[in-house]
Amino acid sequence: MAWLKDNWQGLVPWLMFIVIYIATFKLAWKKLADLVVSNATRRHGVFSWRFWWQFVEYRLILLAPYIPFLVFRESMPTTVTKIIFWWVILMLVMGILRFVKTERLTKILWWVYGYMYDGLLNFYPYRNLVNNVVDLMEVEDGHKVLEVGCGTGNVMQSLLDRADIIVVGVDSSKSMIRQAQRKLHHSLQTNKSSLIGSDALVYMKSLPSQSFDRISMVNFLYAAQNRLEIWAECLRIIKPEGKIVVTTSTEGGSRPIIQEHLRNASWVQLVSLRLIGVVIIDFFISELAKAGPFEFPTQDVLLAEVRECGGIYSKVSRVYGGAENGVNIIFSVIAEDELKF
Ligand SMILES: C[S@@+](CC[C@H](N)C(=O)[O-])C[C@H]1O[C@@H](n2cnc3c(N)ncnc32)[C@H](O)[C@@H]1O
């Protein structure tokens, strides 16, 4: 206690440091993601004033937690060399990314994401989202199911746990497929599941008409460049009495998702390295959504596209953050022609 009495003044800048550090952490990552993506997609490259403005903003946010040490005239917990070191590293990364095309950037993103993705299994809203999808799918024994953009196979595994079905997953990312292979080892051996490493649209175009009872697309549509073509293919390959279940983000933001997790599960589960990796990658996805390769279409736009392609949607609700505030739309679709049967 005596030590505290003598030294409390020295603790004040440290406490302020921690508070400001936590408060600016998310913003700093957002700014960094914005910088990297702006540069790599040539939205605001290193030769534009916007890039340098963003760069200065980013540096200021990084330096903000150190202000209390200046104010209280305490020695800084970091050295100038450290700041210069990270500055140089950042500039090197930026320089390299100048030569990386957007398609390659998204490829790298999915590749890294493949190793982090299952951190989401620690996350209640994701588990709940998968359960919601599987409920809506209403799979029955003997069904043949296609999971488009299957990732690490979490939806496929949950579907296989529900009924005696055959499920095919297609994904263009090698690292995602590799994780899925490990997870689905048993069903792959018994031919209850198969994994296709391909662009989804290319694969779907190779399939015969009316060949699947169910199709699911979970958090895939925001990455699809050609949603109308995807819908047209889904409606062609689905059997007349079949249905398609979709969920995708229509807006950014993580507050409702975190709140849903805390309402239903322990905060301790949030402290996972892979989950932190997922959060960082999600920042990049949000930034890529601003620059073009990804898009969070609004609910109205998505549903209008379904109608335009001859689909009838139903059971529209929200998920991933709760049934009211969720950042994802979830719905099912049948082919218009089915109504004629
Ligand atoms: C967010 S993950 C969703 C994974 C899985 N559906 C789930 O919910 O667990 C999106 C997946 O879509 C895949 N993807 C993106 N564009 C694709 C494309 N054009 N063709 C096939 N897969 C694609 C990515 O590789 C990634 O695995």
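If you're matching positions, the sequence shown starts at 4 in my numbering and goes up one per residue. For each residue, glycine too, the CB sits at the ideal point set by N, CA and C.
Next item on the list: Output the residues surrounding ligand 1, defined as those with a CB atom closer than 5 angstroms to any ligand heavy atom, in chain order.
Entry: W113, G152, G154, N157, D174, S175, S176, M179, D202, A203, V221, N222, F223 and A226
Note to self: Our contact map puts H146 next to R217 with C-beta atoms below 8 angstroms; I'd like the distance itself, whole angstroms only.
What the structure shows: 6 angstroms
Checklist line | Same chain only: Cβ atoms within 7 angstroms of E236, ignoring 5 sequence neighbours per side | finding: L204, M207 and K208
Notebook entry, point to check: Ordered along the chain, which non-local residues of its own chain (more than five positions away) have a Cβ less than 6 angstroms from that of I337?
Noted result: K246 and I315
Note to self: Quick test of the definition: if touching needs 3 or more C-beta pairs under 8 angstroms, does the segment 108-121 touch the segment 268-286?
What the structure shows: yes
Notebook entry, point to check: Roughly how many whole angstroms lie between the Cα atoms of K242 and E339?
Noted result: 12 angstroms
Checklist line | Pair within 8 angstroms by beta-carbon distance, S176 and W114 | finding: yes
Next item on the list: Give the single residue among Q272, I283 and G256 whose Cα lies nearest to the Cα of F299.
Entry: G256
Checklist line | Assigned exposure category for W55 - 16 Cβ within 10 Å defines buried | finding: exposed
Note to self: Check this for me: beta carbons of Q57 and K33, under 8 angstroms apart or not?
What the structure shows: no
Check: Which residue's Cα is closest to the Cα of T250: I111, F287 and A226?
Finding: A226
Check: Which of the three DSSP states, helix, strand or coil, is assigned to G145?
Finding: coil
Check: Could you give the distance in angstroms between the alpha-carbon of W17 and the alpha-carbon of R321?
Finding: 42 angstroms
Notebook entry, point to check: Going by DSSP, which residues form a beta bridge with S335?
Noted result: V248 and S317
Margin query: Measuring only the C-alpha atoms, how far is M140 from D164?
Written below: 13 angstroms
Notebook entry, point to check: Near V22, what residues of its chain come up, given a Cβ to Cβ distance below 8 angstroms and the 5 sequence neighbours on each side ignored?
Noted result: none
Next item on the list: Would you tell me roughly how many angstroms separate the C-alpha atoms of K186 and S317, rounded to the nearest one?
Entry: 32 angstroms
Next item on the list: Would you mind sorting R266 into buried or exposed? The rule is 16 or more other CB atoms within 10 Å of its CB.
Entry: exposed
Notebook entry, point to check: For E308, which three-state DSSP category applies?
Noted result: helix
Notebook entry, point to check: Quick one: what's got a C-beta closer than 7 angstroms to G329's C-beta in the same chain, skipping five residues either side?
Noted result: P259, R321, V322 and Y323
Item checked: Buried/exposed call for L63, threshold 16 Cβ in 10 Å -> exposed
Notebook entry, point to check: Which stretch, first to last residue, makes up the alpha helix (DSSP H) that contains R76?
Noted result: Neither: R76 is in no alpha helix (DSSP H) and is coded neither H nor E.
Item checked: Bridge partners - D174, DSSP secondary structure assignment -> G200
Note to self: For a minimum of 3 consecutive residues, which ranges assigned as the beta strand (DSSP E) are wholly contained in the segment 217-267?
What the structure shows: 241-252
Check: Applying the criterion that 16 or more other CB atoms from any shown protein chain within 10 Å of the CB defines a buried residue, is Q192 buried or exposed?
Finding: exposed
Check: Between N134 and G152, what straight-line distance do the alpha-carbon atoms span, to the nearest angstrom?
Finding: 17 angstroms
Check: If you check the beta carbons only, do V142 and A166 fall under 8 angstroms apart?
Finding: yes
Notebook entry, point to check: Is it buried or exposed for F344, if we count other Cβ within 10 angstroms and need 16 for buried?
Noted result: Confidence at F344 is low in this model, with a pLDDT of 45, below 50, so its placement is unreliable and no value can be given for it.
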